[in-house]
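Scroll down for the structure; my scribbles are underneath it.
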Amino acid sequence: MRKNPDGYALILALSAVVILGLLIFSLQMVSLSSVRTVSDEGQRTQSFYAAQSGLERVTRQLTNRAKTLAPSTAEAAATGLSTPASHLGNTGAGSFNVAITTVSVAGNDAVLRLLASGTTTAATRVISQDVKVTLIGGSAGAFPPTALIATGNIKDAGAAPVAGEKVPAGSHVFTCALTGTVPAGVSPCQVKAGGLNTYNVQTTSNPPPVAGQSLKDAAGNYYTVQKVTPVAGDPTRWNVSLAAMNENPTTTAVTQPMNTALLAGPVTLSNANTGAMAAPTGSTLTTNSNNTGTVCDPAVYGCSTYSFPPSALFQLIFGVPKTEFSGRMQEQGSYFTGIGTQAGQFSGAACTTRSVMWLKVTDLDVPQDCMGSPTRPKVLIVDASESSSQVQVKVNNGVFYGLIYIISNDKVTLAGNGTYVGSVVSETGIETDPSNNDLSTVTGNGSSVCPALPGSNGNNTKAAKICYNRDVVARINMDVALQLSHYAVTRLPNSWQEHSR
Numbered sequence: 000m001r002k003n004p005d006g007y008a009l010i011l012a013l014s015a016v017v018i019l020g021l022l023i024f025s026l027q028m029v030s031l032s033s034v035r036t037v038s039d040e041g042q043r044t045q046s047f048y049a050a051q052s053g054l055e056r057v058t059r060q061l062t063n064r065a066k067t068l069a070p071s072t073a074e075a076a077a078t079g080l081s082t083p084a085s086h087l088g089n090t091g092a093g094s095f096n097v098a099i100t101t102v103s104v105a106g107n108d109a110v111l112r113l114l115a116s117g118t119t120t121a122a123t124r125v126i127s128q129d130v131k132v133t134l135i136g137g138s139a140g141a142f143p144p145t146a147l148i149a150t151g152n153i154k155d156a157g158a159a160p161v162a163g164e165k166v167p168a169g170s171h172v173f174t175c176a177l178t179g180t181v182p183a184g185v186s187p188c189q190v191k192a193g194g195l196n197t198y199n200v201q202t203t204s205n206p207p208p209v210a211g212q213s214l215k216d217a218a219g220n221y222y223t224v225q226k227v228t229p230v231a232g233d234p235t236r237w238n239v240s241l242a243a244m245n246e247n248p249t250t251t252a253v254t255q256p257m258n259t260a261l262l263a264g265p266v267t268l269s270n271a272n273t274g275a276m277a278a279p280t281g282s283t284l285t286t287n288s289n290n291t292g293t294v295c296d297p298a299v300y301g302c303s304t305y306s307f308p309p310s311a312l313f314q315l316i317f318g319v320p321k322t323e324f325s326g327r328m329q330e331q332g333s334y335f336t337g338i339g340t341q342a343g344q345f346s347g348a349a350c351t352t353r354s355v356m357w358l359k360v361t362d363l364d365v366p367q368d369c370m371g372s373p374t375r376p377k378v379l380i381v382d383a384s385e386s387s388s389q390v391q392v393k394v395n396n397g398v399f400y401g402l403i404y405i406i407s408n409d410k411v412t413l414a415g416n417g418t419y420v421g422s423v424v425s426e427t428g429i430e431t432d433p434s435n436n437d438l439s440t441v442t443g444n445g446s447s448v449c450p451a452l453p454g455s456n457g458n459n460t461k462a463a464k465i466c467y468n469r470d471v472v473a474r475i476n477m478d479v480a481l482q483l484s485h486y487a488v489t490r491l492p493n494s495w496q497e498h499s500r
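Taken in order, the sequence shown gives residues 0 to 500; the numbers are from numbering that gives the first Met the number 0.
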């Protein structure tokens, strides 16, 4: 029987069709799988970029917000910048959610973690980046301890008495605030800064001391309160920075009176009337005229001496060195090189928009616009350090509210019949021996804004020309801190990481 060749051809044709169909189907499945893989990878890539975009946006937002925060503490900055705790956004191809948490707070630094989730319709990627918030210039402020501070002899002439401020009777108990490893025999409460003995302590006294307040120990040593801040998480305690006015900073730390006491336990410091005048040990504090006989009477306000180097006076008053202070003033356009109408020179109009200024001048008649007020006092640095002539600062009439700090290589005269409410500092040299620094003289009359003091030898009572005012000092302390301190936000190197794919 003959076989039909057409049957074989049909079978071969059908087999070829089936095989071809299977190949086509397989290719289609592979192609679809590849498309899905590409699509999924695209979704993951888009979600990654959404998360990264969230990190970038929120970091910029924190950088900008940090510039608007009032300088306080690193912890306060961390709290302010982590509120709200999450930020939502959309990139068009995906969305992000960035959560902010505080990792650590130490000194002037806080570390925040930004955890960003990027999401598309089919994928989510999670990445994180740590940023550091740093309080720059956190020690800046204004801490004048008395109405008039000088680096040489002081002459109180004419009818121009100087008055401190009466403070309520009482005392504050302080304990060591710092912990950690310290050299053997050295109090962990002490920090050396600018040649000063500065103590970081805590108190539970209520109310707490205030910046600029004078305190003294049982031995009669004076301390000036530089700064008071609440203890984080404990509303009953305050951190206090105390500067010793008359401890010798050149000897071993443990021999200092307060250091020795702090090593043994709590220290009680009593309120003292804020002194009228302060000058280095060995100087003549005042040459009494007929109307200023009671200025330095301890029963009235008293005068004090200090034993730290006069070269450290600026840092005691402002918490930062001169170079840092003047540099910030130049950055902010508050640094003037003369008096006049030329660019870069000082005029009274500058005071209408500025509360703190550095003036490179040899003499200054304080303009009316610069007199300030109880709620808007002024800080004027009169820098005559490049001049060899005598310096005169004059408040002709009216009342200046704030702080005037004079830097001179020669004698300084505070003239006119105006009044200073707040404090005046006269740096007429930086030699440890006050006889090598020039004289500071107060002349003219005061006004009834300041307290009146009875004269010596039965002479008439006269209103003080310069008088310390705690409220004004507290206000300028805030102004200087705002001008010289700010927060900076930076990414921490090697902190970026991905948490999921």
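Backbone N, C-alpha and C define an ideal beta-carbon position, used for all residues, glycine too.
Item, Value
"Mind the definition here: the region 89-99 touches the region 153-165 only if three or more C-beta pairs lie below 8 Å; say whether that holds.", "no"
"Looking only at C-alpha atoms, which of A218, V227 and G106 sits nearest to S204?", "V227"
"When DSSP labels each residue in this structure, what does E430 get in the three-state scheme?", "coil"
"Which of the three DSSP states, helix, strand or coil, is assigned to P234?", "strand"
"What whole-angstrom Cβ distance do A473 and G445 have, given they're in contact under 8 Å?", "About 22 Å separates the two Cβ atoms, so there is no contact after all."
"Counting only the same chain and skipping the five closest in sequence on each side, list residues whose C-beta sits under 6 Å from that of V394.", "V365, G415 and G417"
"Exposed or buried, what is E330 when buried is set at 16 or more other beta-carbons lying within 10 Å of its beta-carbon?", "exposed"
"Could you give the distance in angstroms between the alpha-carbon of N435 and the alpha-carbon of N152?", "10 Å"
"Spatial neighbours of T449 within its chain, please: C-beta separation below 6 Å, excluding the five flanking residues on both sides.", "For the record, residue 449 in the displayed sequence is Cys; it is not Thr. If we look at C449 and ignore the five residues flanking it on each side, its Cβ neighbours are A162, T418, A462, A463 and C466."
"A514: which of N63, D129, P208 and G137 sits nearest, CA to CA?", "Not covered by the structure: residue 514. The range shown for the chain is 0 to 500."
"Count the other CB atoms within 10 Å of the CB of A146; is the residue buried (16 or more) or exposed (fewer)?", "buried"
"May I ask you to list the residues that DSSP assigns as paired with Y334?", "W357"
"Is S269 helix, strand or coil when you go by DSSP?", "strand"
"Alpha helix (DSSP H) containing Q482: first to last residue?", "R469 to L483"
"Report yes or no: do the region 254-266 and the region 100-111 share at least 3 C-beta pairs separated by less than 8 Å?", "no"
"So, with DSSP's three-state summary, where would you put R112?", "strand"
"If we ignore side chains and look at the alpha-carbon of each, how far apart do A139 and S240 end up?", "12 Å"
"Is the beta carbon of T489 sitting closer than 9 Å to the one on T133?", "yes"
"Can you check the region 375-453 for any beta strand (DSSP E) of at least 3 residues that lies completely inside it and give the ranges in chain order?", "377-383, 390-393, 398-407, 411-414, 418-426 and 439-441"
"Which term fits E40, buried or exposed, when burial requires 16 or more other beta carbons within 10 angstroms of its beta carbon?", "exposed"
"First and last residue of the alpha helix (DSSP H) that includes G79?", "A73 to L80"
"Report the residue from L113, A487, V378 and T67 whose alpha carbon sits nearest the alpha carbon of A141.", "V378"
"Contact between the region 303-315 and the region 333-350: three or more CB pairs below 8 Å?", "no"
"Drop a sphere of 10 angstroms on the beta-carbon of N516, count the other beta-carbons inside from all chains shown, and report buried for 16 or more, exposed for fewer.", "Because residue 516 is not part of the residues shown, which for the chain are 0 to 500, the question remains open."
"I'd like the list of long-range same chain contacts for T101, defined as Cβ closer than 7 Å, with 5 residues on each side in sequence excluded.", "A77, S81, A109 and L111"
"For chain B, find out if any of its Cβ atoms is closer than 9 Å to the Cβ of S346; answer yes or no.", "The displayed structure is made up of one protein chain only, and chain B is not part of it."
"Compute the beta-carbon to beta-carbon distance between D437 and D409, rounded to the nearest angstrom, for a pair I have assumed lies under 8 Å.", "5 Å"
"Just curious, the alpha helix (DSSP H) that Q314 is in, first and last residue?", "L312 to F317"
"Which one or two residues does DSSP pair with C466 in a beta bridge?", "A162 and V420"
"For S116, which residues of its own chain have a beta-carbon under 7 Å away from its beta-carbon, when the five flanking residues on both sides are left out?", "A50, F95, N96, T123 and V125"
"Name the residue from D129, L11, C369 and S384 whose alpha carbon lies nearest to the alpha carbon of G397.", "C369"
"Within 10 Å of its beta-carbon, does N220 have 16 or more other beta-carbons around it, so buried, or fewer, so exposed?", "buried"
"Under the three-state reduction of DSSP, which class applies to L491: helix, strand or coil?", "coil"
"Counting along the chain, where does the beta strand (DSSP E) carrying L147 start and finish?", "L147 to A149"
"Count the other CB atoms, across all protein chains shown, that sit within 10 Å of the CB of S422; report buried if there are 16 or more and exposed otherwise.", "buried"
"What is the DSSP secondary structure of S127, counted as helix, strand or coil?", "strand"
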